[in-house]
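Letter by letter, the sequence shown follows residues -21 to -1, 1 to 373 of mature numbering (1 follows the signal peptide of the UniProt record, and there is no 0). The beta carbon of each residue, even a glycine, is placed where N, CA and C say it ideally should be. Below is one structure, written out as structure tokens, with a few remarks after it.
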Amino acid sequence: MKIKYLYFAWLLCSISLPVFSQDSAYIFNQGNAAQNAQAWINGKFTSSYLQTFRGTSAAGTRHHDFFGGTATSAGGNLRWSFNLTGTESGSNKGSDFKLVNYADNGTVLSTPLSIDRASGVVSINNNLLLNHQTANIISFNAVGLGAPTFNTHSPGSKINLFDSNLSATSAGYDIGIQTLHMWFGIPSAESARGFIYYAGETQVGRIDGLGSSEWKGQGRFKGWYTSGTGPATEIGYYNDRATIIGYDRTPATASYVPLYLAGGTSASAFKTVFITNTGVGINSGAAIPQSELSVNGTITAKRIRVTQTGWPDYVFAKDYVLPGLDKVEEFIKKNQHLEGIPAAAIVEKEGMDVGEMNKKLLEKVEELTLYLIEQNKKIKELEAWKKQQEQSQK
């Protein structure tokens, strides 16, 4: 009978062993003082409250480890750990939280997540920072600058919105940075892709993959951009003037380029303005203007002012030789036009200089005036002679 009781007591002690540590220290129901003991549980562990107090260090102290297989502090199965990093120095400094991942051999791979205790700034992979101290800020590590490249999001891409069939010639829909610039990227250069701006559900603007744009509202340009390269139409405000120019800013060869404007009511009913280095052509299509102003059509104006030198007041000078009417008649019979006035065939072919023609016409009017004065003198002389003859016959 005693043997049975002894066996039962031994069995109870054997069953109770997992409650105690494998070492000699007793840890059951100890809540006021730390016990120098270890425990190993092969199974589910449930607790309503779990504390660790290993402290912190400059290099980091592991508080909770996750293993991919058999748990051993020196083995290669360690995969993740919760760490406290940074020595405490007052002002809430130190004991920052870090999530660390490990390689197959147990060495540290990286720190995918860290949280600064003092500021609350969250760092993901030491690259993405989430900061809510003074504003809602999402910032990226400055390392890695560059324009978008095919088949990769490095080094310039910072936010990948959508990967669209990455290939050797296309990237995704990304936001990134390069030296001195921020960029938005789409997979390929084509008009079907681009950026659309909405006001509510209404599209108010669009920029496509070829750089073309369309806007529903108005636009204002209050400055002048001079850092571009190559030929372009430039619109801006420069030297106290609203300005539209065609200009090629290729370094060392910068120069103006022709500017073409067109408008109308249909595909066939329109007018054009073509500005080149030779002049301005109105309604002349793509034909190069042959003078400072070429108009293919009618000019309507209330007033035209022509400034020109050499006005023919010289006709009234004392030394001016007035052509004889017999010579004038001879020239007309031979050439069918006045001397100094272009022939009809020349005007039809080459046009005429309005200012020069006005000078010539005024010259002829002034000459005609002199002829009339001479004729008037002769008429008066004849009238006086006639009167004298009539009186002598009485």
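Pop quiz: residue i and residue j are said to be a contact at Cβ under 8 Å. What is the actual Cβ separation, rounded to whole angstroms?
i    : j    : result
T40  : G34  : 6 Å
Q287 : G334 : 4 Å
F45  : S60  : 7 Å
Y226 : W203 : Actually they do not touch by this definition, with Cβ atoms about 11 Å apart.
Please state if the CB of residue j and the CB of residue i are separated by a distance shorter than 8 Å.
i    : j    : result
P268 : G260 : yes
S74  : G85  : no
K338 : P291 : yes
G179 : K195 : no
K77  : N56  : no
G151 : P166 : yes
I224 : Y235 : yes
N262 : V274 : yes
V300 : E342 : no
T229 : T205 : no
I254 : L272 : no
Could you tell me the distance, in whole angstroms, from the CA atom of residue i to the CA atom of residue j?
i    : j    : result
V307 : S270 : 34 Å
L92  : R220 : 55 Å
T212 : S170 : 20 Å
T189 : N104 : The sequence given here has Leu at residue 189, not Thr. Going by the C-alpha atoms only, they are around 35 Å apart.
I186 : Q197 : 15 Å
V285 : Y176 : 52 Å
K201 : G215 : 6 Å
E67  : I94  : 15 Å
T31  : Q14  : 13 Å
W364 : K297 : 28 Å
H43  : R58  : 11 Å
D332 : K366 : 50 Å
A265 : F163 : 37 Å
T158 : E193 : 28 Å
L351 : N314 : 24 Å
S344 : A324 : Rather than Ser, the amino acid found at residue 344 in this sequence is Val. Distance between the alpha carbons of V344 and A324: 23 Å.
A233 : G330 : 36 Å
I138 : Q182 : 24 Å
N357 : L349 : A quick correction: the sequence has Lys, not Asn, at residue 357. Whole-angstrom Cα-Cα distance: 12 Å.
S191 : I278 : 36 Å
N21  : N8   : 20 Å
K373 : E346 : 41 Å
M161 : A231 : 28 Å
Q370 : K359 : 17 Å
D305 : L340 : 20 Å
Going by DSSP, which residues form a beta bridge with residue i?
i           : result
P230        : According to DSSP, which records beta bridges pairwise, P230 is partnered with nothing at all.
P210        : D227
I254        : L238, V259
S118        : L108
G215        : T222
Y204        : The partner list for Y204 (beta bridge, DSSP) is empty, contrary to what the question assumes.
F174        : I186
F76         : L63, I94
L272        : V259
M336        : None; M336 has no bridge partner.
N139        : D153
residue 391 : This structure gives no information on residue 391, because the portion of the chain shown stretches from -21 to 373.
F45         : W59
Apart from the five residues on each side of it in sequence, which residues of its chain come closer than 6 Å, Cβ to Cβ, to residue i?
i      : result
A97    : N71, K72
N355   : none
H316   : A322
K(-18) : Here the model assigns K(-18) a pLDDT of 47, short of 50, so the residue's position is not dependable, and the following value carries that caveat. There are no such residues.
H172   : The amino acid occupying residue 172 in the given sequence is Arg; His does not appear at that position. So the qualifying residues of the chain are I165, G188.
G47    : N56, R58
T90    : K77, V79
Can you name, in chain order, every residue of its own chain whose Cβ lies under 7 Å from the Cβ of residue i, other than the five neighbours on each side?
i     : result
V87   : V79, Y81
S(-1) : Any reading at S(-1) needs caution, since the residue's pLDDT is 47, under 50, leaving its predicted position unreliable; the model's value is listed next. I6, A16, Q17, A18, listed in sequence order.
V252  : L240, V259, I261
A37   : G65, T66
F310  : E318
Tell me which same chain residues have a C-beta within less than 8 Å of the C-beta of residue i, skipping the five on either side of it?
i    : result
F249 : A241, G242, G243
L361 : none
Can you check whether the C-beta of residue i is within less than 8 Å of a C-beta belonging to chain D?
i    : result
G209 : No chain D appears in this structure, which consists of one protein chain only.
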